[in-house]
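K.L.:
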Amino acid sequence: MEAVLQIENLTKNFGRLCAVNKMNLEVGKGQVFGMLGPNGSGKTTTLGMLMSVVNPSSGGFKWFGQESTNDTRKKIGAVLEHPIFYPYLTGQKNLELTAMIKGATADQITSVLKLVELSDRKDDKYKTYSLGMKQRLAIASALLNDPQVLILDEPTNGLDPMGISEIRELIKKIASDGRTIILASHLLDEVQKVCTHFAVLKKGNMVYSGPVEDVNKGPEIVEVNADVDLSEVLNTFQGASAINRENGYFEVTLTKGIKGHDLNKFLFEKGITATHLVTKKRSLEKQFLEILAESK
Ligand SMILES: Nc1ncnc2c1ncn2[C@@H]1O[C@H](COP(=O)(O)OP(=O)(O)OP(=O)(O)O)[C@@H](O)[C@H]1O
Ligand SMILES: [Mg+2]
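Taking my numbering as reference, the numbering of the sequence shown is continuous, increasing by one, and the terminal residue is 345.
(1) Taking C-alpha atoms, which residue in ALA52, ASN73 and LEU99 lies nearest to ALA248?
(2) Buried or exposed for ILE133, going by 16 or more other Cβ atoms inside 10 Å?
(3) I'd like the span of the beta strand (DSSP E) that includes ASN73, first residue to last.
(4) The beta strand (DSSP E) that contains PHE82, what's its start and end?
(5) Are the stretch 197-205 and the stretch 124-132 touching by the rule of at least three beta carbon pairs closer than 8 Å?
(6) Where PRO210 and ARG331 are concerned, what is the direct C-alpha to C-alpha distance, given to the nearest angstrom?
(7) So, helix, strand or coil for ARG331, using DSSP?
(8) Exposed or buried, which one is GLY207 when buried takes at least 16 other CB atoms within 10 Å?
(9) How is PRO196 classed by DSSP in three states: helix, strand or coil?
(10) I believe VAL165 touches LEU193 by the beta-carbon criterion, under 8 Å. Please report the beta-carbon distance rounded to the nearest angstrom.
(11) Give me the pocket residues for ligand 2, defined as CB within less than 7 Å of any heavy atom, sorted by chain position.
(12) Could you have a look at LYS171 and say whether DSSP puts it in helix, strand or coil?
(13) Should GLU269 be labelled buried (16 or more other beta-carbon atoms within 10 Å of its own) or exposed?
(14) With burial defined as no fewer than 16 other Cβ atoms inside 10 Å of the residue's Cβ, what is the status of SER234: buried or exposed?
(15) Kindly indicate which three-state DSSP category LYS345 falls into: helix, strand or coil?
(16) Could you give the distance in angstroms between the alpha-carbon of HIS131 and the alpha-carbon of MET98?
(17) In the structure shown, what three-state DSSP assignment does GLY297 receive?
(18) Excluding five sequence neighbours on each side, which residues of the same chain lie with their C-beta closer than 7 Å to the C-beta of ASP172?
(19) Straight-line CA distance for LEU66 to LEU237?
(20) Give the C-beta separation of ALA289 and THR322 to the nearest angstrom, bearing in mind that I take them to be a contact with Cβ-Cβ under 8 Å.
(21) Given a threshold of 16 other Cβ atoms within 10 Å of its Cβ, counted over all protein chains shown, does ASN265 qualify as buried or as exposed?
(22) For PRO260, which residues does DSSP report across the bridge?
(23) Helix, strand or coil: how does DSSP classify THR205 here?
(24) Please state the DSSP three-state secondary structure of SER214.
(25) Taking PHE317 as part of the alpha helix (DSSP H), name the residues at either end of that continuous run.
(26) Using 7 Å as the cut-off, classify the Cβ of ALA68 as near or not near the heavy atoms of ligand 4, replying yes or no.
(27) Check whether the Cβ atoms of VAL53 and GLY77 sit closer than 8 Å, and answer yes or no.
(28) Could you give the residue range of the alpha helix (DSSP H) that holds ASN143?
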């Protein structure tokens, strides 16, 4: 894997609050990388440090194997929380202003407008744009100087279902020509739909990172026991992929989609009351949903 970004022990304290705690992470070229976490978990702070608008308290990171400089930053486009455009100017004019700052050409403006499907609205004033169009213009603006990396902070926040799906399609389209994308999200579903890899943040701590396809791997395992011998009855339970005896309990590995309460119901219908039924290992998906449901 060719690393585009290497984060080492990156830490940000705001007074006594540790917003990002010793983060270690690598993002590979071409990945769509999701920073997943609930409100206040440190996503925006992390992206801010990567864009050099927030100073790390300690630790650091490398872009393209180098310390971050003006030169490396030119290869990165970002849409952070509040993109600023002039409401009374058209989309086209707004992009012309950004192009001037970034040194992008008129052709590049035409091409990014086409990419985000705003060509036919380019001569309308920014203030007449829908929220989704505003977000697409922000993405167009970030792509103006053809950056290798695109950073997006909660790109679908506040959009209606139509707008959300347009932005998600756009992200996939942008990634399809080899660009690396790093995005923050508080929705597991969104990360599963658009990302290839992700990290889970909880109160500034990175508690997981890996490929998105692993989320559905790893079955739920429950421990169960009753006053009667369960060996035979458990063998007739359709939802088990493995049954082992472990320290006085039966350890049942459940098949995909089957939960502990399904086993409980099954036993109950056989006239057996479980004296012990504990989920030993939750699916990753369930663990993440629990983290996301917690807030600071
Ligand atoms: N400038 C600041 N001064 C003090 N505390 C801050 C500052 N910026 C962020 N924080 C705190 O750092 C923590 C992480 O905030 P951050 O905005 O990075 O979270 P987030 O994951 O982006 O949340 P959200 O999903 O709400 O956007 C929060 O507790 C927040 O209150
Ligand atoms: Mg944020």
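Using N, Cα and C, we set each Cβ at its ideal position, and we do this for glycine too. Only a predicted model underlies this, so the values are computations on that prediction, with no experimental measurement involved.
P.N.:
Put simply:
(1) ASN73
(2) Exposed.
(3) 66-77
(4) In this chain, the beta strand (DSSP E) harbouring PHE82 covers 81-85.
(5) yes
(6) Distance between the alpha carbons of PRO210 and ARG331 is about 30 Å.
(7) coil
(8) exposed
(9) coil
(10) Between LEU193 and VAL165 the Cβ distance is about 11 Å, and since that is not below 8 Å, they are no contact.
(11) LYS92, THR93, GLU130, ASP202, GLU203 and ALA233
(12) DSSP places LYS171 outside both helix and strand once states are collapsed to three, so it counts as coil.
(13) Buried is the call here.
(14) Here SER234 is buried. Its C-beta has 16 or more other C-beta atoms within 10 Å.
(15) In this predicted model, LYS345 has a pLDDT of only 47, less than 50, meaning its place in the structure is not dependable enough to derive any value.
(16) 16 Å
(17) GLY297: coil per DSSP, three-state reduction.
(18) THR139 and GLN141
(19) 26 Å
(20) Going by Cβ atoms, the distance from ALA289 to THR322 rounds to 19 Å, so no, they are not a contact pair.
(21) exposed
(22) Answer is HIS246, bridged to PRO260.
(23) coil
(24) helix
(25) 309-318
(26) Absent from the structure shown: ligand 4. Ligands present: ligand 1 and ligand 2.
(27) Contact flag set, yes.
(28) 140-151
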